[in-house]
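One structure is given here, and the rest of the page talks about it.
Laid out in structure tokens, this is it:
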């Protein structure tokens, strides 16, 4: 790394979500973030931590994950150390996960440290741009803002939420930061086209950078019971009382996404800033997205062994091999995913419908496949 | 069986052809006729012999196959006995196969026995109609005609050759038999439509019924060298000289289909009759044909385990399972064939192109898959 780590900066990586649209690669017991979907030899979680550690310095990355996956996470990230993997007894959505991390960090390092929250299952390209963006976001966060990253929209996508940028924030070291006027949920096609035409809207990449104390203050104002519960747990985290506090407090925590809990109400009050992301970003939300990510080397987008794939009039078909040969004839937009117990055949256009396959097998009682 | 076997009638079943359009179910080492493609528990070869034995009586079915498949054939048909499986050292096309059988039968039983040749890899439904048809064909053959079976055309198919029927033959016991005016190869769509509109054309099912001596006389007239070679081998067949004669004579035999060698020239001379087939006939030529044959029970055409298949917006997709689950989303005309080492994904519309997959893997040196 040419640059030194950012002082007093900690990354929080919530590692949750099954990624059912990537079934059968992604399973409940082996979710998307544990997979190498880019063929680089590193899983999405590992790549996420790889890109954050140079920015935070060693010991400043916390992963928050479900108890079910804590061992796999620790196994994939031996460099982190046990105290940097927070295991949730049960899923309580992103506000509890990030709030817990903020409360633990505030106790360990004080409320003025800045935390950045980054999903464990996104793919990012252009690391210098990523680092420059995060440095600006941290600078903006030091002024007390909740800072989000907005990915400049390149098409009228209906797959992402949007954030609208207003006047420049004027924070030192963050020349690109602007006040966030508000967030919107995934729009319909017409609205998305209007956003693109209007300018000033960008995709909400789901990254938040904020001082730990500021986050907790907003949480105390918006959801005091959740705030108090998280602080009670955090106070016990590095003691013998952790399990007891988790047992008596965690199950009662409010399930809510950080977007609804903090970002939206605080933006309405003028407390959110947005920094444009000058890097490539992909949430790998489905197989169409994975296909675009894999590119067309070796005759078509392949995850696994290109030599095992034969495409005839099917150049763009997306294939994930599973140790056998795969032949696709005449279906250029096919998606073929081969695993030991489950084979999926669909098309890029139906990528969002893959979730229904998981529902279908569940309805048949085939939980072994989920 | 309500009716007694037909006196002096022998069935010949040429069992050859890889069936590359059914790859990867069908392989060079495990061809189509050895497969159970109907889910009945009997292979196409077994079902062929099952339907012939009641007509011929025991001991009157001969299978002619390649040396490579003789053991598998004998294994599938223990009721036949070794002297009823003729093994060819190398493929010499259908005239040599059926001619050899005719020559062996003529030596064993005399030239007046009637032989009927039936492919080992077709599917036939409506057995009473099949039996009635064959009884008429045998009756017509006793008059000295080469008799073929014409399947009444129900659509302007371009997948089959056609036979045109003329005036009634007037043979005793064969009221439906007519003189065959001639054969045509697989026509283009316009010609096929014209045939259907004109009437009198039917699909050539590739079945021939003829007295052994008549067949050999035609062969002697048309291809005397082939005739003489086959007689030389047949004379040695049931002796210690068989292997020697095969070794010195078989490799030099002319490769030609019986249609070109006998049916076409003899039809032109007025020596061929056609009996309409009053039964269901399918040559299972490709996966589209297989899909139609399997029907739509259990949610869609399935070969294997219907419980292992989940179709979402893909009701008509054709699936051959291979011990794992198969999920098809949004591809109603998909064809998915799952085997241990090769997975094929295509559509019914591309069924004829599957042959190209075999060529493709051969070009890559993957003979293990063929």
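Chains as they are written, first to last, in UniProt numbering: chain B, 1 to 370; chain E, 1 to 370.
The C-beta atom is built at its ideal place from N, Cα and C for all residues, glycine as well.
In this structure, residue 333 of chain E sits away from residue 322 of chain E, with a CB-CB distance that is not shorter than 8 Å.
For the pair residue 220 of chain E and residue 100 of chain E, the CB atoms are not nearer than the 8 Å cut-off. Counting every other CB atom within 10 Å of its CB across the protein chains shown gives residue 92 of chain E a total of 16 or more, marking it as buried.
The DSSP assignment places complete beta strand (DSSP E) segments of no fewer than 3 residues inside the stretch 114–160 of chain E at 114–117, 123–125, 146–152, in order along the chain. DSSP places residue 361 of chain B inside the alpha helix (DSSP H), whose first and last residues are 354–363. Close CB contacts of residue 305 of chain B within its chain, under the 7 Å cut and outside five residues either way in sequence, are with 321 (chain order).
Residue 60 of chain E sits in coil when the DSSP states are folded into three classes, being neither helix nor strand. The CB of residue 341 of chain B comes closer than 7 Å to the CB of 324, 325 in chain E, given here in chain order. In the DSSP assignment, the residues bridged to residue 30 of chain B are B:27.
Sorting E:81, E:181, E:144, E:253 by C-alpha distance to the C-alpha of residue 114 of chain E places E:144 at the top.
In the DSSP assignment, the residues bridged to residue 312 of chain E are E:329. Relative to residue 341 of chain B, the option among E:315, E:324, E:355 whose CA is nearest is E:324. Here residue 227 of chain E has 99, 216, 219, 220 as same chain residues with Cβ atoms under 8 Å from its own Cβ, once five neighbours each way along the sequence are excluded.
When B:46, B:36, B:184 are compared, the shortest CA-CA separation from residue 267 of chain B is found for B:184. Membership of residue 249 of chain B in the alpha helix (DSSP H) is indicated by the continuous run 242–249. Boundaries of the alpha helix (DSSP H) harbouring residue 235 of chain E: 224–237, taken from the DSSP string. Close CB contacts of residue 51 of chain E within its chain, under the 7 Å cut and outside five residues either way in sequence, are with 124, 127, 130 (chain order). Inter-segment contact for the stretch 261–280 of chain E and the stretch 132–152 of chain E is present: three or more beta-carbon pairs are separated by less than 8 Å.
Taking 8 Å as the cut-off, the Cβ atoms of residue 370 of chain B and residue 27 of chain B count as close.
Taking a contact to require three or more Cβ pairs closer than 8 Å, the stretch 157–174 of chain E and the stretch 240–257 of chain E do not qualify as touching. Below the 9 Å Cβ cutoff, chain B contributes 312, 313, 329 as neighbours of residue 356 of chain E, in chain order. Listed along chain E is no residue with a C-beta nearer than 9 Å to that of residue 367 of chain B; the closest approach is about 13 Å. The count of Cβ pairs closer than 8 Å, one atom from the stretch 166–184 of chain E and one from the stretch 247–258 of chain E, stays below three, leaving the stretches out of contact. Counting only the Cα atoms, residue 132 of chain E lies some 36 Å from residue 225 of chain E. No Cβ-Cβ contact shorter than 8 Å links residue 314 of chain E with residue 326 of chain E.
For residue 65 of chain E, the pairing in a beta bridge is given by DSSP as E:15, E:87. For residue 166 of chain B, the secondary structure class from DSSP, reduced to helix, strand or coil, is strand. Here residue 297 of chain E is exposed, its C-beta having fewer than 16 other C-beta atoms within 10 Å. Taking C-beta separations shorter than 8 Å and ignoring five residues to either side along the sequence, the partners of residue 136 of chain B in its chain run 173, 174, 175, 176, 177, 275, following chain order. For a Cβ distance threshold of 8 Å, residue set 310, 312, 327 of chain E lies close to residue 360 of chain B, ordered along the chain.
A Cβ-Cβ distance of about 6 Å is found for the pair residue 88 of chain B and residue 97 of chain B, placing them in contact under the 8 Å criterion. With fewer than 16 neighbouring CB atoms inside 10 Å of its own CB, residue 364 of chain B falls in the exposed class.
What residue 44 of chain B touches in chain E, judged by beta-carbon distance under 7 Å, is nothing: the nearest beta carbon there is about 23 Å away. In this chain, residue 208 of chain B is not harboured by any alpha helix (DSSP H); it is covered by the beta strand (DSSP E) spanning 201–211.
If you look at residue 338 of chain B, you'll find it in the beta strand (DSSP E) that goes 334–338. For residue 4 of chain E, no beta strand (DSSP E) segment is defined, and its DSSP state is neither H nor E.
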